[in-house]
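Going by the numbering used here, the first residue of the sequence shown is number 16, and it counts up by one from there.
The structure under discussion appears below in the form of structure tokens.
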Amino acid sequence: MAVVCMIAGCGVNPMLSVYDDDAKIASSSNTYNIMNYEQVQSDLHFTASVEKMEGMDTIWVFDAEEDTEVDITYQLNVSSGKMKLVWINPEKEVSVIVECDSEMEDSVQETLHIKKGNNRIKIVAGENTQFDIDFTISHGGLKELG
């Protein structure tokens, strides 16, 4: 019986089930495996270079007092795997800002129409994802990876 449990447990990585599961992504928790990363955060600008990540982590939170617009600029360079930036609104609805499995040639600027209440942006990474991110946002508070 112990041999069967060991075999059944081999190769099972709970982080991999997160990528396509909006209910897990919308949760207030973060769950990830992350290895060898560097990050710099100043004011509302965030950069990170990550050798390997799987799962999800919150990088931005904003408790909006009213509906408002938030400007973001981002550039992703994914060397392996896949990742996405998602916005979770106060109703815990998940919207994909960008999904990427390669290098973006240019940075992208866009405006999010934020709803009153708790808003978050998470990085969600698939299996063995290696990436660099450069992210700037006009309101709210940035969080560190890990």
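Just so it is clear, CB atoms sit at the ideal spot from N, CA and C, and this is done for glycine as well.
Unbroken beta strand (DSSP E) runs of length 3 or more, entirely within the segment 89-113: which are they?
-> 98-103
From the DSSP output, which residues share a beta bridge with Lys137?
-> Thr73 and Val101
Smallest Cα separation from Thr144: which of Asn45, Glu81 and Met98?
-> Met98
Sufficient close CB pairs (3 or more, under 8 Å) joining the segment 36-51 to the segment 69-77 = yes
Status (buried if at least 16 other CB within 10 Å, exposed otherwise) for Ala38 | exposed
According to DSSP, which residues form a beta bridge with Lys67?
-> Met50
Between the CA atoms of Thr62 and Asp86 - distance to the nearest angstrom | 17 Å
Between Asp147 and Met50, what straight-line distance do the alpha-carbon atoms span, to the nearest angstrom?
-> 13 Å
Below 7 Å CB to CB, which residues in the same chain sit around Val139 once its five sequence neighbours on both sides are set aside?
-> Val33, Tyr34, Ile40, Met71, Met98, Lys99 and Val101
Helix, strand or coil at Ser32 according to DSSP, with G and I counted as helix = helix
So what does DSSP say about Asp121, is it helix, strand or coil?
-> coil
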